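**Student:** Dropping a structure here in structure tokens format, bear with me for questions.
Protein chains: 2
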Amino acid sequence: MTKVHNFSAGPGILPQQAIDNSISALQNFMGTNLSLIEVSHRDKEFESVMAEARQLPLDILGLGDDYDAVYLGGGASLQFCMVPYNFLNTKAAYLKTGVWAANAVKEAKFFGETDVVASSEDKNYTYVPKDFVIPTDAEYFHYTSNNTIYGTQMHSIPNSPVPLFCDMSSDIFSKQIDAKKFDLIYAGAQKNMGPAGATLVILKKELLEKITRKIPSMLDYRNHFSKESMYNTPPVFAVYCSLQVLKWVKEMGL
Amino acid sequence: MTKVHNFSAGPGILPQQAIDNSISALQNFMGTNLSLIEVSHRDKEFESVMAEARQLPLDILGLGDDYDAVYLGGGASLQFCMVPYNFLNTKAAYLKTGVWAANAVKEAKFFGETDVVASSEDKNYTYVPKDFVIPTDAEYFHYTSNNTIYGTQMHSIPNSPVPLFCDMSSDIFSKQIDAKKFDLIYAGAQKNMGPAGATLVILKKELLEKITRKIPSMLDYRNHFSKESMYNTPPVFAVYCSLQVLKWVKEMGL
């Protein structure tokens with residue numbers, strides 16, 4: 001039985017098979033006679049889960065070896081801070097199309113010049129600005145692909161002269177996209193791919209070489225990517241459950 | 001059937017009733033006909049879970065209204081950064097008794113002068129230093145109550161002339177303590193109180209008034225405490241499961 005997918009505000013409805021598989025793993029994880037939440041993330045069984053959960057999003061999005069993926073705690077809101085902490089040294093460009101985009105702008109200002117190239121705040125974020133120019137001297141351009149609160153979705157990927165970053169929390173894996181246009185994608189799991197508690201971050205590996213700021217360890221993407229999402233204990237259950245949803249997405253196709 | 005509690009390295013063995021209750025909630029959360037991981041954290045059912053999960057640790061530790069508790073994502077490792085980001089303006093004192101304590105020291109140095117009052121690094125953290133002086137001009141004194149990797153546990157609470165902070169990840173709720181001696185306590189859930197993916201932070205409310213640094217929103221304790229652990233989407237499953245463990249701890253007694 002497949003339930004309806006929910007792409008509006010609030011958490012997503014998950015495929016029943018993903019919930020059922022997660023329950024089975026809580027009862028007995030891969031024949032270990034332990035619950036999923038009792039095994040070490042360093043056990044080979046969970047390491048295989050993490051490896052698959054990192055690879056599958058790349059496969060589904062048609063991304064190759066030049067990209068990598070990790071799961072972090074703290075929600076997409078923590079990425080509003082980590083993205084500029086790692087990549088905004090002088091100036092970044094942001095499109096302000098909703099409450100989440102505005103929160104991302106607010107955090108970016110903490111780290112450097114934040115050029116809001118266009119905003120729909122004047123009409124309460126009820127439309128998506130069409131005419132905007134992305135400055136060529138920005139270190140990246142950031143936008144939110146879908147604004148859940150007001151239902152305004154970007155229907156095409158902007159052409160960007162600088163690295164393209166996107167918060168896809170509410171529409172990742174909901175349709176086919178040309179993911180190779182992006183340098184960094186992040187998405188809180190709880191909308192489209194699993195339970196609250198994990199955020200998927202995908203980036204083009206070469207981007208990591210651009211990090212020059214001194215950053216607290218847990219906020220430095222280089223640590224999480226070099227340790228293959230095991231820099232510290234990952235949110236084990238949320239990763240496992242997200243993997244079950246991703247398997248279902250792959251079966252169903254985008 | 002009660003399983004043995006595990007206070008050594010690696011994740012904890014959880015009481016079976018906590019796992020069973022968590023599975024039931026994944027099947028049908030409090031009569032909503034939705035899975036726990038499909039309901040909004042803003043639904044009244046989950047709000048009641050969060051309220052109880054925040055109050056019960058205070059009750060178990062004998063702490064009153066002058067303390068408050070929240071659940072954050074990112075693990076105790078993120079607290080190594082958040083603690084000094086919020087509270088180290090000029091100088092803090094740290095006891096370096098193990099790998100986790102050393103990691104906490106490393107992050108603190110990022111934010112201000114970090115006075116390591118004693119260290120057992122010379123003998124690979126196999127003992128706990130006994131003679132040390134905590135400077136009275138430090139903003140806080142931080143130590144790790146139990147070092148899982150080498151099994152060195154602090155058997156008494158140090159007398160501190162400055163606010164006392166403690167990483168209790170591996171022994172919180174394992175024995176009776178005089179919790180009122182502490183100004184801030186944190187603990188990653190995955191050792192003693194639930195699954196990986198949530199970290200309990202308890203603090204004396206008056207401490208929040210001492211925060212003066214400008215801090216990115218998600219790293220600012222004031223946001224998480226003023227929003228009662230709902231500043232952003234909390235790790236719903238990990239909080240629910242932790243609550244089940246806490247109920248069991250309360251039943252069993254410390």
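Quick note, the sequences are listed as chains A and B, same order.
For what it's worth, my numbering labels the leading residue of the first sequence as 1, then goes sequentially.
For what it's worth, my numbering labels the leading residue of the second sequence as 1, then goes sequentially.
Each residue gets a CB set at the ideal place from its N, CA and C atoms; glycine is no exception.
The model shown is predicted, which means the values in this text are computed figures rather than measured ones.
1. Could you tell me the alpha carbon to alpha carbon distance between S77 (chain B) and D131 (chain A), rounded to whole angstroms?
2. Residues of chain B with CB under 7 angstroms from N232 (chain A), in chain order?
3. Apart from the five residues just before and just after I37 (chain A), which ones in its own chain have a Cβ nearer than 6 angstroms to its Cβ?
4. Excluding sequence positions up to five away, which residues of its chain have a Cβ less than 6 angstroms from the Cβ of V99 (chain A)?
5. Return no unless some Cβ of chain A is closer than 8 angstroms to the Cβ of L14 (chain B).
6. How should K123 (chain A) be labelled, buried or exposed, when 16 other C-beta atoms within 10 angstroms of its C-beta is the threshold for buried?
7. Which same chain residues end up closer than 7 angstroms to V239 (chain B) when comparing Cβ atoms and leaving out the 5 residues on each side of it in sequence?
8. Suppose the cutoff is 8 angstroms on Cβ atoms and the five residues either side in sequence are ignored; what does the same chain contact list for T32 (chain B) look like?
9. Indicate the three-state DSSP secondary structure (helix, strand or coil) for G75 (chain A) in the structure shown.
10. Is the distance from the Cβ of D220 (chain B) to the Cβ of N86 (chain B) below 8 angstroms?
11. In this structure, does DSSP put I185 (chain A) in helix, strand or coil?
12. Grab me the residues of I211 (chain B)'s own chain with a C-beta within less than 8 angstroms of its C-beta, minus the 5 sequence neighbours each way, in chain order.
13. Does the beta-carbon of C241 (chain A) have 16 or more other beta-carbons within 10 angstroms, so that it is buried, or is it exposed?
14. Is the number of C-beta pairs between the region 165 to 172 of chain A and the region 203 to 210 of chain B that are closer than 8 angstroms three or more?
15. According to DSSP, what are the bridge partners of E209 (chain B)?
16. Alpha carbon to alpha carbon, what distance is there between G73 (chain B) and F7 (chain A)?
17. Report yes or no: is there a C-beta of chain A within less than 8 angstroms of the C-beta of I149 (chain B)?
18. Beta carbons nearer than 7 angstroms to chain B: which residues of the region 208 to 223 of chain A have them?
19. G188 (chain A): buried (16+ other C-beta within 10 angstroms of its C-beta) or exposed?
20. Exposed or buried, Y94 (chain B), counting other C-beta atoms within 10 Å across all chains shown (16 or more means buried)?
21. Quick one: which chain B residues come within Cβ less than 7 angstroms of P195 (chain A)?
22. Roughly how many whole angstroms lie between the Cα atoms of D20 (chain B) and V162 (chain B)?
23. If you compare alpha carbons, which of A:K175, A:H224 and A:L200 is closest to M252 (chain A)?
24. Under three-state DSSP, which class holds Y68 (chain A)?
25. At 9 angstroms on the CB atoms, spell out the chain A contacts of K109 (chain B), in chain order.
26. By the 10 Å Cβ neighbour count, where 16 or more other Cβ atoms means buried, how is V245 (chain B) classified, buried or exposed?
27. In whole angstroms, what is the alpha-carbon distance linking K247 (chain B) and F80 (chain B)?
28. In the region 14 to 32 of chain B, which residues sit with their C-beta less than 8 angstroms from some C-beta in chain A, listed in chain order?
29. Quick check on N33 (chain A): does DSSP put it in helix, strand or coil?
30. When burial is assigned at 16 or more other CB atoms within 10 Å of the CB, is T90 (chain A) buried or exposed?
31. Could you check where the alpha helix (DSSP H) with N45 (chain A) kicks off and where it finishes?
32. What distance in whole Å lies between the Cβ atoms of A92 (chain A) and H41 (chain B), which are believed to be in contact at a cut-off of 8 angstroms?
33. Using a Cβ-Cβ distance cut-off of 8 angstroms, determine whether K106 (chain A) contacts chain B.
34. Mind checking the region 181 to 192 of chain A against chain B and listing, in chain order, the residues whose C-beta falls within less than 9 angstroms of any C-beta there?
35. What residues in the region 154 to 173 of chain B bring their beta carbon closer than 9 angstroms to a beta carbon of chain C?
36. Looking at C-alpha atoms only, which residue of A:N146, A:E139 and A:T136 is the closest neighbour of V128 (chain A)?
**Tutor:** Taking the coordinates as given:
1. If I take the Cα positions, the gap works out to 43 angstroms.
2. What N232 (chain A) touches in chain B, judged by beta-carbon distance under 7 angstroms, is G75 and S77, going in chain order.
3. Excluding residues within five positions, the ones whose Cβ falls inside 6 angstroms are F237.
4. Leaving aside the five residues that flank V99 (chain A) on each side, the residues in its chain whose CB is nearer than 6 angstroms to its CB run, in chain order, I149.
5. For L14 (chain B), the answer is yes, since a Cβ of chain A falls inside 8 angstroms of its Cβ.
6. Exposed, since its Cβ has fewer than 16 Cβ neighbours within 10 Å.
7. Listed in chain order, the non-local C-beta contacts of V239 (chain B) below 7 angstroms within the same chain comprise V49, M50, A53, Y71 and A198, local neighbours out to five positions each way being set aside.
8. The residues are V39, D43 and E45.
9. Note: G75 (chain A) maps to helix in three-state DSSP.
10. Going by C-beta atoms, D220 (chain B) is nearer than 8 angstroms to N86 (chain B).
11. Correct three-state label for I185 (chain A): strand.
12. Residues N86, F87, D220, Y221 and R222 of the same chain have their beta carbon placed closer than 8 angstroms to that of I211 (chain B), with the five preceding and five following residues left out of the count.
13. Here C241 (chain A) is buried, its C-beta having at least 16 other C-beta atoms within 10 Å.
14. No: fewer than three Cβ pairs fall under 8 angstroms.
15. According to DSSP, which records beta bridges pairwise, E209 (chain B) is partnered with nothing at all.
16. Caution applies to F7 (chain A), whose pLDDT of 45 falls short of 50 and renders its modelled position unreliable; the value that the coordinates give is listed next. When rounded, the distance between both Cα atoms is 24 angstroms.
17. Residue contact with chain A for I149 (chain B): absent (no Cβ-Cβ distance below 8 angstroms to any residue of chain A).
18. Residues passing the 7 angstroms Cβ filter: P216, S217, M218 and L219.
19. Its Cβ being crowded by 16 or more others within 10 Å, G188 (chain A) is buried.
20. Around the beta-carbon of Y94 (chain B), 16 or more other beta-carbon atoms lie within 10 Å, marking it buried.
21. Contact of P195 (chain A) with chain B by beta-carbon distance below 7 angstroms involves I37, V236 and F237.
22. Going from the Cα of D20 (chain B) to the Cα of V162 (chain B) covers about 43 angstroms.
23. Measuring C-alpha to C-alpha distances from M252 (chain A) to each of A:K175, A:H224 and A:L200 identifies A:K175 as the nearest.
24. Looking at the sequence itself, residue 68 (chain A) is Asp, so the reference to Tyr does not match. DSSP, reduced to helix, strand and coil, places D68 (chain A) within a strand of the structure shown.
25. Correct list: empty, because the minimum Cβ distance to chain A is about 10 angstroms.
26. The residue is buried, with at least 16 neighbouring Cβ atoms inside 10 Å.
27. Rounded to whole angstroms, the gap between the alpha carbons of K247 (chain B) and F80 (chain B) is 28 angstroms.
28. Hits within the stretch, in order: L14, I19, S22, I23, L26 and Q27.
29. Residue state, collapsed to three classes: coil.
30. Counting Cβ neighbours within 10 Å, T90 (chain A) comes out exposed, since fewer than 16 surround it.
31. Strictly speaking, residue 45 (chain A) in this sequence is Glu, with Asn absent from that position. Start and end: K44 to I60.
32. That belief does not hold up - the Cβ atoms of H41 (chain B) and A92 (chain A) are roughly 30 angstroms apart, past 8 angstroms.
33. Output row for K106 (chain A): interface = yes.
34. Correct list: G188 and Q190.
35. Here chain C cannot be found, since the structure's protein chains are A and B.
36. Of A:N146, A:E139 and A:T136, the residue nearest in Cα terms is A:N146.
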